[in-house]
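Chemist: Protein sequences appear in the order of chains A and B. Each residue of the first sequence is one higher than the one before, counting from 1 in my numbering. Each residue of the second sequence is one higher than the one before, counting from 1 in my numbering. Glycine included, each C-beta is placed from N, C-alpha and C at the ideal position. Every value quoted in this text rests on a predicted model; they were computed, and no experiment measured them.
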Amino acid sequence: MRSAEVHLRVPESAGLQQGRRLVEICNACRYCEGYCAVFPAIELRRQFTSGDLSYLANLCHDCRACYYSCQYAPPHEFALNLPKAFSDLRLETYERYAWPRPLAALFRRNGIAASVLALLCTVLFAWMAKTPSRSAAGSENAGAFYAVVSEGVMIAISGAAFLFALLALAMGLRNFWRDTNSPSALDAPSLLAAFKDVFTLRNLGGGGDGCNNHDESFSQTRRYFHHSLFYGFLLCFASTYTAAVYEHIFGWISPYPFLSLPVLLGTVGGAAMLVGIAGLLQIKVTADPGPASKLLLDIDYSFLVLLFVAAATGLLLLAMRSTAAMGGLLAVHLGVIVSLFLIFTSPAPSSRRATISPR
Amino acid sequence: MVDLPQSCDVLVVGGGNAGLSAAITAREAGASVILLEHAPKAFRGGNSRHTRNLRLMHDSPTATLRGSYSSSEYWNDLLSVTSGKTDERLARFTIDGTSQLLPWMKAHGARFQPALEGTLSLSRTNAFFLGGGKALMNAYYAAAERLGVNVLYDTEVRSLCLARGMIREVFAVKNGASAAVRPKAVVVCSGGFQANIEWLREYWGDAARNFIIRGTPYAQGVVLKNLLEQGAAPVGDPTQCHAVAVDARAPKFDGGIVSRLDCVPFSIVVDRAGRRFYDEGEDIWPKRYAIWGRLVAQCPEQIAYAVTDAKSEKLSMPSAFPPIRAETIVELAGNLGIDAAALEATVRNFNQAVRPGKFDPGLLDDCRTEGINPPKTHWARPIDQPPFIGYPLRPGITFTYLGVKVDENARVIMQDGRSSANLFAAGEIMAGNILGEGYVAGVGMAIGAVFGRIAGREAAKVALR
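1) Is A:Leu274 closer than 8 Å to A:Phe308 when the C-beta atoms are compared?
2) Could you check where the beta strand (DSSP E) with B:Glu169 kicks off and where it finishes?
3) To be precise: take each residue of the stretch 314-341 of chain B, compare its Cβ to all Cβ atoms of chain A, and keep it if any distance is under 9 Å. Which residues remain?
4) If contacts are defined as beta-carbon pairs under 8 Å, then B:Leu147 and B:Ala110 qualify, I think. What distance do you get, rounded to the angstrom?
5) Any beta-carbon of chain E closer than 8 Å to the one on A:Gln71?
6) What residues from chain A crowd round B:Lys405, counting only those whose CB sits closer than 7 Å?
7) Spell out a yes or no on whether the stretch 20-36 of chain A and the stretch 302-321 of chain B are touching, meaning 3 or more CB-CB pairs, one atom from each, closer than 8 Å.
8) With H, G and I counted as helix, E and B as strand and the rest as coil, what does DSSP make of B:Thr25?
9) Between which two residues does the beta strand (DSSP E) harbouring B:Phe388 extend?
10) Whose Cβ in chain A lies nearer than 7 Å to the Cβ of B:Pro251?
11) Should A:Tyr67 be flagged as near chain B, meaning a C-beta pair shorter than 8 Å?
12) When the Cα of A:Asp62 is compared with those of A:Tyr94, A:Gln17, A:Arg321 and A:Leu201, which residue comes out closest?
13) For A:Ala41 and A:Leu59, which I take to be in contact (beta-carbon distance under 8 Å), what is that distance rounded to the nearest angstrom?
14) Identify the contact partners of B:Ile212 in chain A, using a Cβ-Cβ distance below 9 Å as the criterion.
15) The beta strand (DSSP E) with B:Thr155 in it runs from where to where?
16) Checking 8 Å against the spacing of the C-beta atoms, do B:Gly191 and B:Gly16 come in under that value?
17) Mind checking A:Glu92: buried by the 16 CB within 10 Å criterion, or exposed?
18) Starting from the beta carbon of B:Asp254, find every residue of chain A whose beta carbon is closer than 7 Å, and list them in chain order.
19) Pull out every residue of the stretch 32-60 of chain A whose Cβ sits closer than 7 Å to any Cβ of chain B, in chain order.
20) Between B:Asn47, B:Arg55 and B:Thr86, which lies nearest to B:Gly436 when the distance is taken from Cα to Cα?
21) Quick check on this structure: which residue in B:Thr346, B:Asn349 and B:Pro386 has the alpha carbon closest to the alpha carbon of B:Ala310?
22) Please classify B:Ala23 as buried or exposed, where buried requires at least 16 neighbouring CB atoms within 10 angstroms.
23) What does the alpha-carbon distance come out to for the pair A:Leu280 and A:Ala194?
24) Contact criterion: CB-CB distance below 8 Å. Does A:Asn27 meet it with respect to chain B?
25) Short of 7 Å in beta carbon distance, which residues of its chain neighbour A:Val332, apart from the five on each side in sequence? Order them along the chain.
26) Which of the three DSSP states is assigned to B:Gly19 in this structure?
27) So what does DSSP say about B:Val440, is it helix, strand or coil?
28) For B:Val12 and B:Ala463, which I take to be in contact (beta-carbon distance under 8 Å), what is that distance rounded to the nearest angstrom?
29) Evaluate contact between the stretch 216-226 of chain B and the stretch 184-199 of chain B, counting only Cβ atoms and requiring at least three cross-stretch pairs below 8 Å.
30) Going by other Cβ atoms of all chains shown within 10 Å of its Cβ, with 16 needed for buried, is A:Asp300 buried or exposed?
31) Interface residues of chain B around A:Ser217 at Cβ under 7 Å?
32) Distance, Cα to Cα, A:Cys211 vs A:Thr323?
33) On a CA-only basis, which of A:Thr49, A:Met154 and A:Arg321 is nearest A:Arg178? Give me that one, please.
34) Do you know offhand how far B:Pro61's Cα is from B:Glu145's?
35) Check the C-beta distance from B:Leu35 over to B:Gly46 and give it rounded, since I have them as a contact under 8 Å.
36) Should B:Asn373 be labelled buried (16 or more other beta-carbon atoms within 10 Å of its own) or exposed?
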């Protein structure tokens, strides 16, 4: 039984105390209940445990509609700034739920950690790239990636990173689910509802008209750019798996022509990612700093920049696969992908993705 | 230096719901419009920024309203809350006007919550703004600026030069510098005087110092007083204000909705001396909440305490301030700062006077007391389950009733009975024409919206003639 389990809880942080103060004001007001899933979830409670607050913070999609419509926003003496408080709290929860813990601590200094890890991975790949066949690139096998990095090495390293990411994600979800004292098991209807919310970004809608990026006005641009990034990422994923099917089931060996499914999916997906990321970065750079959390913003930037580099090097690799630059590019691309998986699928927004909205 | 044009077609004083409705309407009619808002941008919108809904007449369900709410039902509700202190012609005119509001509001950026089934008893009569009144004000300001209304914040109108029923000049102050404007027409939408403690003291004495003002601190009544001094006809009882009991820990101004308490029917309420003074269970809360501001105002030091126990805590909405808890009544009295022996005796006498009944928080049940004075006629249950809970109460002032008299074109009527040639009024500054007493949810915003649009239209007509 869950109740019999002993939980070691850290003393309540300043972030949690701040979150509770604000959420209690929100619960007495309730004007924002039409904006997103956070407010109906607040209304279900009278008292807020640290688990409740983590849950609410991760339910928040940072659309900021509540900040601009709040009669108690700064400079009011209540200084109610829910998006910022929740962003700070999310950062805490990423650390709390992240698995394994040491990586979570690393994540605290994330901007640097991300770059260092990416660099290490790149160097590792570049080093391995030299071993099997020095003369592959530019030879008659031009465009054959496995000639640069042997398929075994590629699968071993990427596979290990991917499996680790999956494990870390699952452990993070478990920690989150336990801490929020979710009354029910993860059942099909709530998972289905969660997936629907994920795919439509309903909660990034500000009640229908989009987010507040710069001021009181609403805009769908952030949602659309996020869609572009998200679906672009899925297309890239689909590209990889189509290629795997081509090779292992049909026995068609890469490189594939430009009009083949893996290349088309990858090209369109990569381009969509670039557009999405550029748009999101532009919004972040020009956004009103009022409701933003400085610490989380750094993480967001490093995540977006890594994603951008991943997509850009992927596209570049495709364009230049028959040139001598291919070997180096491939190493950089794979290095960035691996570090993305390592850093961002584990300690970072895993708890966000695990959030199920109440309905 | 004040960056203010020396003249314009229409000058709007005050940037709440009525002011923006007037400014937008006048601008769309082709007039050049300046809007002067006393508050800085962060606190713009007057009391409208604390509102949440408006009461609308409608013959059939809409996306934001259930069922229907006829003109006659609306009128009867208004008649009942005002005890007849209303101008029937203007009231019916307002009610009919509300049926036209939704499309106009939506066209100017207003967004509404979908009609909620069951949860809110007002979903048939009132449309709820998505995000509340500040979100509505944000939308209106954006619309006004898009249309080219010249909005100046931090700009207080100190006086208007009113001669023979005509406004000649308006004097304003911004950042300590003064400026004068000669508009062709003026719409005053600057609210009542509820935030002016000195003015309230004229009627309430030093008790006014302990009042909490629920809304904007900018409702100082400067324009209202200035116009009344120059011969505008008054309307509404100057001594009266809408007052409810709010949490005594609320900020002095701008506490808004979160300081309200609705625990009174399920509590006993005592003064500083630990004595009860009124029947807490007289009627359902929406019908009685507005008398408790006055009751608390009449208590020594203008403070009272609602006391109840664990079983009643969850019957009321959570407050922004946590309840004060204790394991015993004596301890609770200490935490609240009232006489412990007196409170203990009051609770003991009350508990002994409670007669058995079937408790039902949703209707006038038969749980009452016998043999104590004052009695508690409904929802009386012994206070005996720790932790015991207390809330401190103070009078919370929503608005004042004194205003200027207007005709149905929103023209200000002078004491000689003639309507002004170019001075119009909308919103709280003239709401007393329709709401001479009492209050019913969303009617203030309805009056502001209907008369704001009329005033804007008529002012533009005068200016462009």
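Modeler: So, from the data block:
1) yes
2) Here the beta strand (DSSP E) through B:Glu169 covers Met166 to Lys174.
3) Lys314, Met317, Pro318, Ser319, Ala320, Phe321 and Pro322
4) Contact doesn't hold; Cβ gap of about 15 Å is too wide.
5) Looking for chain E here will not work: the only protein chains present are A and B.
6) Neighbours of B:Lys405 on chain A: none; closest Cβ ~31 Å, over 7 Å.
7) Because the criterion of three Cβ pairs below 8 Å is met, the stretch 20-36 of chain A and the stretch 302-321 of chain B touch.
8) Helix.
9) Phe388 to Thr400
10) Glu77
11) Not one chain B Cβ lies under 8 Å of A:Tyr67.
12) A:Leu201
13) 6 Å
14) Per Cβ cutoff of 9 Å: no residues; B:Ile212 is ~13 Å from chain A at best.
15) Thr155 to Ala163
16) yes
17) buried
18) Result: His76.
19) Cys32, Gly34, Tyr35 and Arg46
20) B:Thr86
21) It is B:Pro386.
22) buried
23) 23 Å
24) yes
25) Thr122 and Thr313
26) helix
27) coil
28) Not a contact, Cβ separation roughly 12 Å.
29) As far as the Cβ criterion goes, the stretch 216-226 of chain B touches the stretch 184-199 of chain B, which means the pair count is three or higher.
30) buried
31) Chain-order list of chain B residues neighbouring A:Ser217: Ala142, by C-beta distance under 7 Å.
32) Near 44 Å, if we compare the C-alpha coordinates of A:Thr323 and A:Cys211.
33) A:Thr49
34) 33 Å
35) So it is not a contact: roughly 12 Å between Cβ atoms.
36) Label assigned to B:Asn373: exposed.
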